[in-house]
Amino acid sequence: MGGGGDVDGVRAFAHVKALVDLGPRPPGSEALEKARLYLLAELKKAGLEGERDPFEGATPIGPIRFENLLASIPGESPRSILLAGHYDTKLFEEFRFVGANDGGSSAGLLLELARALASRGKPRATIRFAFLDGEEAFREWSGTDSLYGSRHLAARWKKDGTLANVQAMVLLDMVGDRDLQIVGETRSTAWLRALLAQAAADLGHGAKFFKRQLALEDDHVPFLDAGVPAAIDLIDYSYGPPQPGGAGAWWHTAEDTLDKISAESLEVVGDVVLRALPRIEERVLP
Ligand SMILES: [Zn+2]
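Position in the sequence shown counted from 1, then plus 21, gives you our numbering.
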């Protein structure tokens, strides 16, 4: 277990628990605003000023007010590495969906990564953090009903020039499964995957990474489409007993609860990202 500049899985898990304790956290809900207040307060404790990025989006259930949360650690270079993950949970009316893994784990680990990185010295490359809202579809996943926060942020950053400096993106999604199996997401950039695979192998976690290959649409796609040269989606798409055509029996069900995830898995993913980061920096800096 790490402290200081290392990722502490127990801390990441405590963040996930705090979010899960708020109940279902779909976009536009009061619980999601409470999640934002929690994330902003924790960022502040880490010495980081969170920025609210609100916007309204048209959804199949009507207009929804979304809000990404952004933070950054300025580096010696404006060239940036973006670490991101969604913090909303999918809207389900027929059961109580608390999204411990799906929406909780990405936000909790991202927060712990922010703390660990902020406690280190000034990085060479600027590190940006994006807690993305509206990853989930309200009805059927489509180009217009999904990825609301990432589509908004990629467009906003393209317009204001920020995106030109974003050289690489590491996306976290469903990174807490106690039986961790990160898929090799095939839209992800090959060199980034190779660096993360090397980092996983260095740390003795190679067997948990990239054994199964799968193309997935996730929050990295709008950034790749907007011109970010490299992005990878770190996602465990085998959550619970296998289900045909799905991500496992606990995915998008009432079973996505804290007992299915572990501090150990969160720490493994966090350690691998931190281990790979200097090599990613080296690759993206001139
Ligand atoms: Zn989901």
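In this text, a Cβ means the ideal position worked out from N, Cα and C, and glycines have one as well.
Are there any heavy atoms of ligand 2 lying less than 6 Å away from the beta-carbon of residue i, as far as the coordinates show?
i	result
Glu-302	Among the ligands present in this structure, namely ligand 1, ligand 2 is not found.
Check residue i in the structure and name its three-state DSSP category.
i	result
His-273	coil
Asp-280	helix
Val-294	helix
Glu-97	coil
Ala-146	strand
Lys-232	strand
Val-187	strand
Arg-107	Sequence inspection shows His at residue 107; the Arg mentioned does not correspond to that position. The answer is strand: DSSP assigns His-107 an E or B state.
Met-22	With a pLDDT of 42 at Met-22, under the threshold of 50, the predicted position of this residue should be treated as unreliable, though the coordinate-derived value follows. In this structure, Met-22 counts as coil in the three-state DSSP scheme.
Glu-238	coil
Phe-159	coil
Find the nearest neighbour of residue i within the set the options, judged by alpha-carbon distance.
i	options	result
Val-31	Glu-285, Arg-199, Val-290 and Arg-57	Glu-285
Ala-221	Ala-158, Leu-295 and Glu-97	Leu-295
Ala-135	Arg-46, Pro-299, Ser-50 and Glu-63	Glu-63
Ala-289	Pro-263, Ala-158 and Leu-201	For the sequence presented, residue 289 should be read as Val rather than Ala. Comparing Cα-Cα distances from Val-289 to each of Pro-263, Ala-158 and Leu-201, the minimum goes to Leu-201.
Asn-122	Glu-303, Ala-268, Pro-299 and Leu-298	Ala-268
Leu-153	Asp-194, Ser-259, Asp-292 and Thr-165	Asp-194
Val-204	Gln-234, Phe-113 and Pro-45	Gln-234
Pro-48	Ile-102, Leu-40, Asp-109 and Ala-56	Asp-109
Glu-133	His-273, Leu-69 and Pro-250	Leu-69
Ala-251	Pro-262, Gly-182, Gly-124 and Ala-189	Ala-189
Ser-163	Ala-137, Gly-261, Asp-223 and Asp-240	Asp-240
Trp-178	Ser-140, Leu-216 and Pro-243	Pro-243
Thr-274	Glu-114, Arg-86, Leu-103 and Pro-299	Glu-114
Leu-131	Arg-46, Val-37 and Ala-270	Val-37
Ser-93	Ala-218, Gly-227, Gln-219 and Thr-147	Thr-147
Leu-40	Val-28, Lys-55, Asp-27 and Ser-283	Lys-55
Would you call residue i buried or exposed, if buried means 16 or more other Cβ atoms sit within 10 Å of its Cβ?
i	result
Leu-58	exposed
Lys-111	buried
Glu-156	buried
Ser-167	buried
Gly-170	buried
Gly-25	exposed
Ile-82	exposed
Lys-229	buried
Pro-307	exposed
Glu-51	exposed
Taking the straight line between their C-alpha atoms, what separation do you get for residue i and residue j?
i	j	result
Pro-75	Leu-91	11 Å
Gly-142	Gly-266	44 Å
Ser-126	Glu-206	18 Å
His-173	Gly-225	37 Å
Leu-53	Phe-231	32 Å
Asp-257	Leu-60	23 Å
Glu-77	Val-196	28 Å
Met-22	Glu-303	Here the model assigns Met-22 a pLDDT of 42, short of 50, so the residue's position is not dependable and the matter cannot be decided.
Gly-106	Gly-129	9 Å
Glu-97	Gly-248	23 Å
Gly-261	Leu-279	13 Å
Ala-151	Asp-277	23 Å
Pro-95	Gly-182	16 Å
Arg-149	Gly-120	24 Å
Gly-210	Phe-116	For the sequence presented, residue 210 should be read as Thr rather than Gly. Cα-Cα distance, rounded: 37 Å.
Val-191	Gly-71	19 Å
Pro-99	Ala-185	10 Å
With a cut-off of 7 Å, does the C-beta of residue i fall near any C-beta of chain C?
i	result
Ala-236	Considering every chain present, this structure includes no chain C. It has just one protein chain.
_Chain-ordered list of residues that sit, by beta carbon, closer than 6 Å to a heavy atom of ligand 1_ = Ordered along the chain, the selected set is Lys-111, Asp-123, Glu-157 and His-273.
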